[in-house]
Amino acid sequence: MTSRENGSDDLSSIVDIDKLIHEPARLTVMAHLYVIESADFLFLKQQTGLTWGNLSSHMSKLEDAGYIKIEKEFVDKKPHTVIQLTEKGRTAFQAYRGSMINMFDLEGSNGDRRSKRRKK
Amino acid sequence: MGEKISLKEIERRAYLSYHQDGLVDVSIGLAILVFGAYILYDPGMVVIGAGSLFVFFLLYAGAKKAITIPRLGYVKFASERKNKIRIILLALALANVASLFASAYRPLAVFLVENYMIVVGVIGAAIFSLVAYLSDIKRFYAYAAMTLVLFPSGYVFHTLFQHNFILMGVLMLFSGVGLLYRFLRKYPKQAGEILDDEPRKR
Numbered sequence: 002m003t004s005r006e007n008g009s010d011d012l013s014s015i016v017d018i019d020k021l022i023h024e025p026a027r028l029t030v031m032a033h034l035y036v037i038e039s040a041d042f043l044f045l046k047q048q049t050g051l052t053w054g055n056l057s058s059h060m061s062k063l064e065d066a067g068y069i070k071i072e073k074e075f076v077d078k079k080p081h082t083v084i085q086l087t088e089k090g091r092t093a094f095q096a097y098r099g100s101m102i103n104m105f106d107l108e109g110s111n112g113d114r115r116s117k118r119r120k121k
Numbered sequence: 004m005g006e007k008i009s010l011k012e013i014e015r016r017a018y019l020s021y022h023q024d025g026l027v028d029v030s031i032g033l034a035i036l037v038f039g040a041y042i043l044y045d046p047g048m049v050v051i052g053a054g055s056l057f058v059f060f061l062l063y064a065g066a067k068k069a070i071t072i073p074r075l076g077y078v079k080f081a082s083e084r085k086n087k088i089r090i091i092l093l094a095l096a097l098a099n100v101a102s103l104f105a106s107a108y109r110p111l112a113v114f115l116v117e118n119y120m121i122v123v124g125v126i127g128a129a130i131f132s133l134v135a136y137l138s139d140i141k142r143f144y145a146y147a148a149m150t151l152v153l154f155p156s157g158y159v160f161h162t163l164f165q166h167n168f169i170l171m172g173v174l175m176l177f178s179g180v181g182l183l184y185r186f187l188r189k190y191p192k193q194a195g196e197i198l199d200d201e202p203r204k205r
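Just so you know, the protein sequences line up as chains A and B, in that order. Residues 2 to 121 in this note's numbering are what the first sequence spells out, letter by letter. Residues 4 to 205 in this note's numbering are what the second sequence spells out, letter by letter.
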């Protein structure tokens with residue numbers, strides 16, 4: 002396999018990146034939901050530093066994609082919105098994480114080889 | 004250069020932000036303080052004093068609900084965190100059972116009674132260190148060091164056991180109140196409806 006063909010393989014992994022997760026604000030939200038069981042809007046707002054409007058619109062996109070589940074429940078007779086990652090969202094985040102790690106590992110090793118060749 | 008942030012670090016930061024309110028310090032400090040005052044008033048009332056600890060843990064849960072959740076939000080941590088808390092509770096229960104068995108063995112019981120200041124200092128420091136290690140709340144290492152210095156020094160300087168408890172409680176209480184003050188300033192209570200039901204425009 003030529004190095005050019007190798008390069009196109011690398012590019013296909015970039016194209017396959019889940020763009021819905023790749024957006025920085027949504028990536029932050031997904032990463033937080035990945036490491037906890039569930040949280041409400043306020044907790045995610047405080048942790049991510051997003052505004053209510055921003056957070057709300059990103060949540061809607063993630064919910065539409067089936068990555069998160071937004072449920073209303075009653076805590077001490079008060080309505081409370083709880084958000085958690087769905088199984089689909091968890092799998093998608095793991096796949097995203099894996100492809101990003103692979104991509105940068107390949108980039109790193111190819112880049113190293115290229116720079117060594119240039120030095121020779 | 005950008006700081007390397009891992010998922011583990013995100014979880015750790017979220018967990019620590021939830022405990023930067025100082026309520027755990029205030030609750031434990033208050034419990035130790037009241038326990039010290041109880042046994043100072045009547046050394047025979049140790050059981051009642053120990054029972055009062057449960058009241059303070061109930062207070063902790065109530066304060067968390069009234070102070071932290073309206074400001075920082077509600078979160079359920081993953082089972083790994085819950086397991087660590089279970090380990091802490093199990094270690095406390097085992098220490099309790101071990102102390103009961105130890106007191107039944109007369110020579111050991113005599114040693115414990117004669118050196119109770121050092122024993123309390125070492126056990127207290129071990130418990131605080133375990134909590135610090137498992138919970139990632141590093142300030143508990145400082146409390147461990149404080150316990151290790153305060154109680155054995157009481158043995159050396161012949162201070163009253165109860166006074167050491169009260170001093171330990173007061174120091175933890177001050178530390179907790181300081182953290183709580185900083186927390187309240189950093190996270191003001193969120194206004195109105197967003198507390199209960201956040202606006203979701205679709």
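We put the CB at the ideal spot given by N, CA and C, even for glycine. Every value quoted in this text rests on a predicted model; they were computed, and no experiment measured them.
Name the chain A residues whose beta carbon is nearer than 9 Å to that of residue i?
{"i": "residue 221/B", "result": "With chain B covering only 4 through 205, there is no way to say anything about residue 221/B."}
{"i": "residue 17/B", "result": "33, 36, 37, 40, 44, 48"}
Where does residue i sit, in a helix, a strand or coil, going by DSSP?
{"i": "residue 202/B", "result": "Note that residue 202/B scores a pLDDT of 47, beneath 50, so its modelled location is shaky and nothing firm can be said."}
{"i": "residue 59/A", "result": "helix"}
{"i": "residue 80/A", "result": "strand"}
{"i": "residue 68/B", "result": "helix"}
{"i": "residue 39/A", "result": "strand"}
{"i": "residue 87/B", "result": "helix"}
{"i": "residue 74/A", "result": "strand"}
{"i": "residue 192/B", "result": "coil"}
{"i": "residue 79/B", "result": "strand"}
{"i": "residue 2/B", "result": "Residue numbering for chain B in the displayed model covers 4 to 205; residue 2/B lies beyond these limits and cannot be assessed."}
{"i": "residue 45/B", "result": "coil"}
{"i": "residue 92/A", "result": "helix"}
{"i": "residue 118/B", "result": "coil"}
{"i": "residue 126/B", "result": "helix"}
{"i": "residue 9/B", "result": "coil"}
{"i": "residue 165/B", "result": "helix"}
{"i": "residue 197/B", "result": "Residue confidence for residue 197/B is low, a pLDDT of 46 falling below 50, so the modelled location carries little weight and cannot support an answer."}
{"i": "residue 39/B", "result": "helix"}
{"i": "residue 141/B", "result": "coil"}
{"i": "residue 64/A", "result": "helix"}
{"i": "residue 23/B", "result": "coil"}
Given a threshold of 16 other Cβ atoms within 10 Å of its Cβ, counted over all protein chains shown, does residue i qualify as buried or as exposed?
{"i": "residue 59/A", "result": "buried"}
{"i": "residue 204/B", "result": "For residue 204/B, the pLDDT reaches just 43, beneath the cut-off of 50, and the residue's location in the model is therefore unreliable, although a value from the coordinates is still provided. Residue 204/B comes out exposed."}
{"i": "residue 147/B", "result": "buried"}
{"i": "residue 14/B", "result": "buried"}
{"i": "residue 188/B", "result": "exposed"}
{"i": "residue 69/A", "result": "buried"}
{"i": "residue 39/A", "result": "buried"}
{"i": "residue 33/A", "result": "buried"}
{"i": "residue 150/B", "result": "buried"}
{"i": "residue 92/A", "result": "exposed"}
{"i": "residue 84/B", "result": "buried"}
{"i": "residue 61/B", "result": "exposed"}
{"i": "residue 75/A", "result": "exposed"}
{"i": "residue 76/B", "result": "buried"}
{"i": "residue 116/B", "result": "exposed"}
{"i": "residue 11/B", "result": "exposed"}
{"i": "residue 45/A", "result": "buried"}
{"i": "residue 113/B", "result": "exposed"}
{"i": "residue 102/B", "result": "exposed"}
In the DSSP assignment, what are the bridge partners of residue i?
{"i": "residue 69/A", "result": "86/A"}
Show which residues of chain B have a CB atom less than 7 Å away from the CB atom of residue i.
{"i": "residue 44/A", "result": "75, 76, 77, 78"}
Just to make sure I have the definition right: I need the residues of chain B whose C-beta is within less than 8 Å of the C-beta of residue i. Which are they?
{"i": "residue 32/A", "result": "10, 13"}
For a contact defined as C-beta to C-beta under 8 Å, what are the partners of residue i on chain A?
{"i": "residue 193/B", "result": "43"}
Is the Cβ of residue i closer than 8 Å to any Cβ of chain E?
{"i": "residue 56/A", "result": "No chain E appears in this structure, whose protein chains are A and B."}
Could you please tell me which residues of the stretch 166–194 of chain B, in chain order, have their CB closer than 8 Å to any CB of chain A? 190, 193
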